[in-house]
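J.: Residue numbers (my numbering): 7 to 209.
Beta carbons: idealized from backbone N, C-alpha and C, even for Gly.
1. For the beta strand (DSSP E) containing residue 175, list its first residue and its last residue.
2. Between which residues of its own chain and residue 169 is the CB-CB distance below 8 Å, once the five residues before and five after are set aside?
3. Just the Cα atoms here: how many angstroms apart are residue 59 and residue 113?
4. Hey, quick one: how far does the beta strand (DSSP E) through residue 79 stretch, first residue to last?
5. With 16 as the cutoff for other CB atoms within 10 Å, does residue 185 come out buried or exposed?
6. Among residues of its own chain, excluding the 5 on either side of residue 106, which ones have a beta-carbon nearer than 6 Å to its beta-carbon?
7. Between the alpha carbons of residue 87 and residue 152, how many angstroms are there, rounded?
8. In whole angstroms, give me the CA-to-CA distance for residue 77 and residue 91.
9. Got a sec? Which residues, its chain only, sit under 7 Å from residue 135 by beta carbon, not counting five neighbours each side?
10. Kindly list the residues whose CB is nearer than 7 Å to the CB of residue 38, restricted to its own chain and excluding five residues on each side of it in sequence; keep chain order.
11. For a test of the three-state rule: what should DSSP assign to residue 207, helix, strand or coil?
12. Quick check: what's the CA-CA separation for residue 104 versus residue 31?
13. Fully enclosed by the segment 100-173, which beta strand (DSSP E) runs are 3 residues long or longer?
14. Which residue from 41, 177, 173, 33 puts its Cα closest to that of residue 101?
15. Looking at the secondary structure, which residues open and close the beta strand (DSSP E) in which residue 59 lies?
16. Give me the DSSP bridge partner(s) of residue 22.
17. Determine the direct distance from the alpha carbon of residue 33 to that of residue 73, and round the result to whole angstroms.
18. Taking C-beta to C-beta, are residue 160 and residue 129 nearer than 8 Å?
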């Protein structure tokens with residue numbers, strides 16, 4: 007579910023969000039009824055359950071816990087397992103090994119919507135926080151976090167709701183942020199030219 011600060015009053019509440027800060031994850035994350043493999047296989051699987059170790063990454067630290075898995079008999083790859091959805095405990099299960107709290111993922115969403123925040127910069131910021139908190143478990147790299155965030159963003163229900171409740175889908179006037187394509191008024195002078203202007207010295 008999208009962060010509360012971007013939700014509209016008319017948005018459907020998919021589940022009840024718990025108050026922050028969140029408690030540590032459970033000692034055992036169980037499969038539950040929404041279990042699924044990356045291939046789509048899930049409830050019809052009758053393979054025995056296994057318990058493996060996983061790491062849950064939060065905003066201020068990480069926790070090593072255990073997760074229930076079930077061997078996927080649908081996949082060509084012998085290493086694929088069916089894992090829990092974890093939505094009810096506000097955790098994104100990326101690959102049954104790396105799991106991320108919604109609090110952490112929503113924090114990056116907030117960061118990049120307020121100011122341009124690259125994944126590398128955010129990962130470095132969180133990594134420093136992990137060090138300061140003395141969690142003992144380092145934060146993951148930007149490649150893994152990028153994959154986790156885009157997986158999370160793909161699950162958000164943001165379709166067809168980015169419109170004004172008064173103007174509808176096609177407002178008469180639309181105002182865009184023109185900071186990147188214009189000059190500040192205080193910088194205007196007779197010699198300033200647009201970056202696309204061609205001069206005899208252009209290469």
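T.: Based on what the coordinates show:
1. No beta strand (DSSP E) holds residue 175; DSSP gives it neither H nor E.
2. 175
3. Cα to Cα, the separation comes out at about 26 Å.
4. It is not in any beta strand (DSSP E) - residue 79 carries neither H nor E in the DSSP assignment.
5. Since pLDDT at residue 185 reaches only 49, below the 50 mark, its modelled position is unreliable, and the value read off the structure follows with that caveat. Residue 185 comes out exposed.
6. Result list for residue 106: 63, 98, 154, in chain order.
7. Computed Cα separation, rounded: 22 Å.
8. 15 Å
9. Correct list, in chain order: 66.
10. 90, 91
11. coil
12. 13 Å
13. 104-107
14. 41
15. 55-63
16. Here residue 22 is not bridged, per DSSP, to any residue.
17. 8 Å
18. No, the Cβ-Cβ distance between residue 160 and residue 129 is not below 8 Å.
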